[in-house]
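J.:
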């Protein structure tokens with residue numbers, strides 16, 4: 031766990047976390063040394079222990095902060111929305127925008143969970159399950175209300191999250207499409223995949239007119 035420090039110490043601890051994110055993203059957790067980390071923030075290696083007990087506690091702190099922020103912000107995004115389709119669209123849009131703007135944190139949280147000690151890993155996995163559970167609940171409610179066709183909500187949850195998170199593998203801020211355009215494309219894919227019917231409301235009327 032991170033040590034308790036004063037205001038100046040808190041700023042230094044935050045600088046260490048930011049440097050840790052940068053170096054772990056670039057080199058991987060195992061390859062990053064505390065000497066590298068100390069040099070990145072202009073400290074002696076031994077001074078790091080004033081802020082973090084060890085390298086493992088730094089990694090856990092980074093991943094836990096990421097998951098806490100993810101859970102807090104998705105709850106804010108969904109707050110006040112009751113319709114399952116509205117909630118699904120909001121969840122998809124949130125997930126994409128969050129992951130496009132925090133790619134280093136997402137990479138570390140997904141790839142370096144294997145480097146966490148068992149107790150720390152269990153805590154992060156539980157937080158991840160809470161986040162996945164929000165989407166699972168949306169899909170189940172939509173199916174129960176006759177809005178979605180979902181054979182297995184848990185499998186569908188894993189498939190959707192995997193697809194959305196995959197954007198981190200190729201997205202670039204200076205790419206051909208804007209974030210808004212990408213959110214629209216992905217949202218259409220997800221909602222079109224679970225909607226009970228893909229026919230727009232205007233189609234039946236047009237058929238009646240032709241008849």
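Residue numbers (my numbering): 31 to 241.
Cβ coordinates follow ideal geometry from the N, Cα and C atoms, glycine included.
Below 8 Å, can you find three or more Cβ-Cβ pairs linking the region 113 to 129 to the region 162 to 170?
T.: Flag = yes, the region 113 to 129 and the region 162 to 170 touch.
J.: Can the beta-carbon of residue 201 be found closer than 8 Å to that of residue 141?
T.: The count along the chain shown starts at 1 and reaches residue 201 at position 171. The count along the chain shown starts at 1 and reaches residue 141 at position 111. No.
J.: For residue 167, which of helix, strand or coil comes out of DSSP?
T.: Translated into positions along the chain shown, residue 167 becomes position 137. Helix, per DSSP.
J.: So, residue 92 versus residue 155, is the Cβ gap smaller than 8 Å?
T.: In the chain shown, residue 92 corresponds to position 62, counting from 1. In the chain shown, residue 155 corresponds to position 125, counting from 1. Against a cut-off of 8 Å, the Cβ pair of residue 155 and residue 92 comes out as no contact.
J.: Does DSSP classify residue 225 as helix, strand or coil?
T.: Taking the first residue of the chain shown as position 1, residue 225 is located at position 195. In the structure shown, residue 225 sits in a strand (DSSP, three-state: E or B).
J.: Suppose the cutoff is 8 Å on Cβ atoms and the five residues either side in sequence are ignored; what does the same chain contact list for residue 70 look like?
T.: What you label residue 70 is simply residue 40 of the chain shown in a count that begins at 1. If we look at residue 70 and ignore the five residues flanking it on each side, its Cβ neighbours are 49, 52 and 53.
J.: Quick check on residue 207: buried or exposed, where buried means 16 or more other Cβ atoms within 10 Å of its Cβ?
T.: Translated into the one-based positions of the chain shown, residue 207 becomes position 177. Exposed is the call here.
J.: For residue 103 versus residue 137, is the C-beta distance shorter than 8 Å?
T.: By 1-based counting over the chain shown, the position of residue 103 is 73. By 1-based counting over the chain shown, the position of residue 137 is 107. No; because the gap between Cβ atoms is not below 8 Å, this pair is not in contact.
J.: Go through its chain and collect everything with a Cβ distance to residue 217's Cβ below 7 Å, but skip five positions before and after it.
T.: Counting from 1 along the chain shown, the entry for residue 217 is found at position 187. If we look at residue 217 and ignore the five residues flanking it on each side, its Cβ neighbours are 119, 122 and 123.
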